[in-house]
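S.K.: Keeping their order, the protein sequence lines are chains A and B. Under the numbering used here, the letters of the first sequence match residues 99 to 213, in that order. Under the numbering used here, the letters of the second sequence match residues 884 to 1043, in that order. No residue lacks a Cβ here, since even glycine has one placed at the ideal position from N, Cα and C. Note that this is a predicted model, so its numbers are computed, not measured. Take a look at this one; I'll ask things after.
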Amino acid sequence: MEDRLTKVFAALADPTRRDMVARLAAADATVNELAEPYDVSVQAVSKHIRVLEDAGLVRRSRVAQRRPVHLEAEVFDLLTAWIERYRRQVEARYARLDALLAEEMTTPATDEETA
Amino acid sequence: MSTGTRETIIEAVDGLPAVRITREFDAPPERVFDAHVDVDKVVRWLGPRGLTMTVQRWDAETGGGYRYVHADDRGEYRFFGSFHEVRSPDRIVQTFTFEGFGDSVCLETMTLTELPGGRARLVATSLFDSFEGRDAMLASGMETGVEEGYEKLDELLASR
C-alpha cells in the first residue's frame, strides 16, 4: 500500500503529468491527443504515460487501434482518503490548541504578566 | 480562503516533497506563538490524544533543540530536532526527526500573520528530504485520523 502511494506521489510530482491527469479527468484521450498542447515529442509524452500507468493512475484500454488512456478514478479516492485522514489528525491537534487559547482568553492573568 | 474560518487546509507544494498547512486561530499571533514555545502549553495540544507526551529537552530559542516521547501501552514514539530560528511573535524554523524511521529529517517553517479582530493565520510548511518521507508521514495519519476526527466533532459540539 505504501509503495503504491509513493509511486502515485512521485508520478504526480511532475507538472506535465499532473496536467495530463487533469485532462484525463474530463475524458479519455489518445497519446497523440494528449501530446498536442505540449512542446514535446510524442515519445516524451508516451514516457510520461508509462510513469502514470506504472503508478496505477491510468490504464491503456484496447479499443481497436485507438488505445485511449483512461484515468483510474479509485486511485484518486485512495489518495484523497490518505490526505483527508492526515488533515483530520492535524485538525484534531489544532482543535486542542484552540481550546487552550480559548481558555487563556477567559483567564487573562498569565504567568508573564504577573511575574 | 475566507476569513473567520478555522478550517485546516493541507496542500502539496508543486514539485517539492513538502506539505503546507494553513490554519486560522481566534487569538493574536503572540498567543499562538507562545503556545508553540512554552512547553507547559505545548504538551497540552501537540501530542496525539491517548498518548502521554514526556519532554526530555525543550530549548525553544534560536540555536536550541528539543526531544520528546509520545507513549501509550503499545509503545514509545521518539522525536527530536533543532530550533533553527525562534523569532517572536511570528516565525519558528525547526528540524524534525521521528527516531528509528531511517535517517530522514524534515525542515518545518511556521509563520504567523496578524488578522483583523485579534486573530492569527498560521502557515506551516514541512519540507521532507524525499518524496518517500513525505508519503510515510501522510500515511501515519491513517491510524489515528478517523478516531480523532470524531473526537474533534465531539469537542466542537460541546463548545457551542
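Since Thr-993 (chain B) sits in a beta bridge, which residues does DSSP pair it with?
M.R.: To locate residue 993 (chain B), count along the second sequence from 1; it is residue 110. The amino acid occupying residue 993 (chain B) in the given sequence is Met; Thr does not appear at that position. The partner list for Met-993 (chain B) (beta bridge, DSSP) reads B:Ile-975 and B:Ala-1007.
S.K.: Which class does Ser-144 (chain A) belong to by DSSP, given the choice of helix, strand or coil?
M.R.: Residue numbering aside, residue 144 (chain A) sits at position 46 when the first sequence is read from its first letter. The answer is helix: DSSP assigns Ser-144 (chain A) an H, G or I state.
S.K.: Within the 9 Å Cβ cut-off, does Leu-195 (chain A) reach chain B?
M.R.: As a first step, residue 195 (chain A) is located in the first sequence; it is residue number 97 there, counting from the start. Closer than 9 Å: yes.
S.K.: Find the nearest neighbour of Leu-198 (chain A) within the set B:Glu-968, B:Ala-954, B:Asp-973 and B:Asp-923, judged by alpha-carbon distance.
M.R.: Position 100 of the first sequence, counted from the start, is the residue given in the question as residue 198 (chain A). Nearest neighbour of Leu-198 (chain A) by Cα position, chosen from B:Glu-968, B:Ala-954, B:Asp-973 and B:Asp-923, turns out to be B:Asp-923.
S.K.: Can you tell me whether Tyr-184 (chain A) is helix, strand or coil according to DSSP?
M.R.: What you label residue 184 (chain A) is simply residue 86 of the first sequence in a count that begins at 1. DSSP places Tyr-184 (chain A) in helix when its eight states are reduced to three.
S.K.: For Lys-105 (chain A), count neighbouring C-beta atoms within 10 Å of its own C-beta (all shown protein chains included) and say buried if the count is 16 or more, exposed if not.
M.R.: As a position in the first sequence, residue 105 (chain A) is number 7, starting the count at 1. The residue is buried, with at least 16 neighbouring Cβ atoms inside 10 Å.
S.K.: Run the CB neighbour count on Gly-933 (chain B), radius 10 Å, all protein chains shown included, and call it buried at 16 or more, exposed below.
M.R.: Here residue 933 (chain B) corresponds to residue number 50 of the second sequence, with the count starting at 1. The residue is exposed, with fewer than 16 neighbouring Cβ atoms inside 10 Å.
S.K.: Would you say Phe-962 (chain B) lies against chain A (beta-carbon separation less than 9 Å)?
M.R.: By one-based count along the second sequence, residue 962 (chain B) stands at place 79. For Phe-962 (chain B), the answer is no, since every Cβ of chain A falls outside 9 Å of its Cβ.
S.K.: Quick check on Tyr-951 (chain B): does DSSP put it in helix, strand or coil?
M.R.: On the second sequence, residue 951 (chain B) is found 68 positions in, with the first residue counted as 1. Tyr-951 (chain B) falls in the strand class under three-state DSSP.
S.K.: Spatial neighbours of Val-976 (chain B) within its chain, please: C-beta separation below 6 Å, excluding the five flanking residues on both sides.
M.R.: Residue numbering aside, residue 976 (chain B) sits at position 93 when the second sequence is read from its first letter. Within the same chain, Val-976 (chain B) has close Cβ partners His-967, Glu-968 and Thr-992.
S.K.: Can you give me the start and stop residues for the beta strand (DSSP E) that Val-969 (chain B) sits inside?
M.R.: For the purposes of this step, residue 969 (chain B) is taken as the residue at position 86 of the second sequence. Segment 958 to 970, the beta strand (DSSP E) holding Val-969 (chain B).
S.K.: What residues from chain A crowd round Val-896 (chain B), counting only those whose CB sits closer than 7 Å?
M.R.: Indexing the second sequence from 1 puts residue 896 (chain B) at position 13. Those within 7 Å of Val-896 (chain B) in chain A number zero; the least Cβ separation is about 10 Å.
S.K.: Comparing the C-beta of Phe-1014 (chain B) with each C-beta of chain A, is any distance below 9 Å?
M.R.: Counting from 1 along the second sequence, the entry for residue 1014 (chain B) is found at position 131. A Cβ of chain A is located within less than 9 Å of the beta carbon of Phe-1014 (chain B).
S.K.: Locate the beta strand (DSSP E) running through Ala-901 (chain B), then write down its first and last residues.
M.R.: Position 18 of the second sequence, counting from 1, holds the residue named residue 901 (chain B). 901 to 908 is the extent of the beta strand (DSSP E) around Ala-901 (chain B).
S.K.: Taking the alpha helix (DSSP H) that Thr-114 (chain A) falls in, what are its first and last residues?
M.R.: Locating residue 114 (chain A) in the first sequence gives position 16, where the first residue counts as 1. Start and end: 113 to 124.
S.K.: Any idea which residues DSSP pairs Ala-153 (chain A) with across the strands?
M.R.: Numbered from its first residue, the first sequence carries residue 153 (chain A) at position 55. Under the DSSP definition of a beta bridge, Ala-153 (chain A) lacks any partner.
S.K.: In chain B, which residues lie with their C-beta within 7 Å of the C-beta of Tyr-192 (chain A)?
M.R.: Taking the first residue of the first sequence as position 1, residue 192 (chain A) is located at position 94. Thr-891 and Arg-906, listed in chain order.
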